[in-house]
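Numbering (my numbering), first residue to last: 137 to 215. For reference, the structure is listed below as structure tokens.
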Amino acid sequence: MKKVIGMLILLLSIAFIGILILKVWGINIVSLDSILKSGYTLLLLGALIVVLILVYGAFLKNDGSKYNKQVGNNAHPKL
Numbered sequence: 137m138k139k140v141i142g143m144l145i146l147l148l149s150i151a152f153i154g155i156l157i158l159k160v161w162g163i164n165i166v167s168l169d170s171i172l173k174s175g176y177t178l179l180l181l182g183a184l185i186v187v188l189i190l191v192y193g194a195f196l197k198n199d200g201s202k203y204n205k206q207v208g209n210n211a212h213p214k215l
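Structure, rendered in structure tokens:
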């Protein structure tokens, strides 16, 4: 998963740097305004994903049913 995220960040960085280089030469493929709107959208989606993960971990996950509480002080998986 780390490699996939790293590759995605690398590709986005290369694309952004390419757009900046084209802007230096006066070639407009995408406007800066649309890039900023896309960035804000991605940040909002990332924040939403983090909130959903926190809600799932805090309220919807029940790990207590997966372990045998009768055996010792450590959590032992049920067989």
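Using N, Cα and C, we set each Cβ at its ideal position, and we do this for glycine too.
### Span separating the alpha-carbon of VAL160 from that of GLY175
21 angstroms
### Message
Just to confirm the assignment, what range does the alpha helix (DSSP H) spanning GLY175 have?
### Response
Unbroken alpha helix (DSSP H) run through GLY175: 168-191.
### Query
Are the beta-carbon atoms belonging to ILE145 and ILE155 less than 8 angstroms from one another?
no
### LEU196: first and last residue of the uninterrupted alpha helix (DSSP H) it sits in
Run containing LEU196: none; DSSP gives neither H nor E here.
### Query
From what residue to what residue does the alpha helix (DSSP H) around GLY142 run?
Here the alpha helix (DSSP H) through GLY142 covers 138-160.
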